[in-house]
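Everything below concerns the one structure shown next.
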Amino acid sequence: MSSQNEDPRIKARRSAVEQAKVRRRTLVVGSALCVAVVAFLVYVLL
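Heads up: the sequence shown is residues 72 to 117, going by this note's numbering.
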């Protein structure tokens, strides 16, 4: 019974960890894109 009670918690924790990984990856990609766009604009304007 205890293992059945722990299963949904483990699944929820695993999905939360996966969501955090995806969120961190999108944040890194977004910041990298912003830096690239700013650098390109500075290069074009100067």
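C-beta: ideal position from N, C-alpha, C; glycine also.
Could you tell me the distance, in whole angstroms, from the CA atom of residue i to the CA atom of residue j?
i    : j    : result
V115 : A87  : 42 Å
A83  : V106 : 34 Å
K92  : V113 : 32 Å
L117 : V109 : 12 Å
S102 : R96  : 10 Å
Practice item. Could you pull out every unbroken beta strand (DSSP E) segment of at least 3 residues lying fully inside the segment 74-111, listed in chain order? Key: As far as the segment 74-111 is concerned, it has no whole beta strand (DSSP E) run of at least 3 residues.
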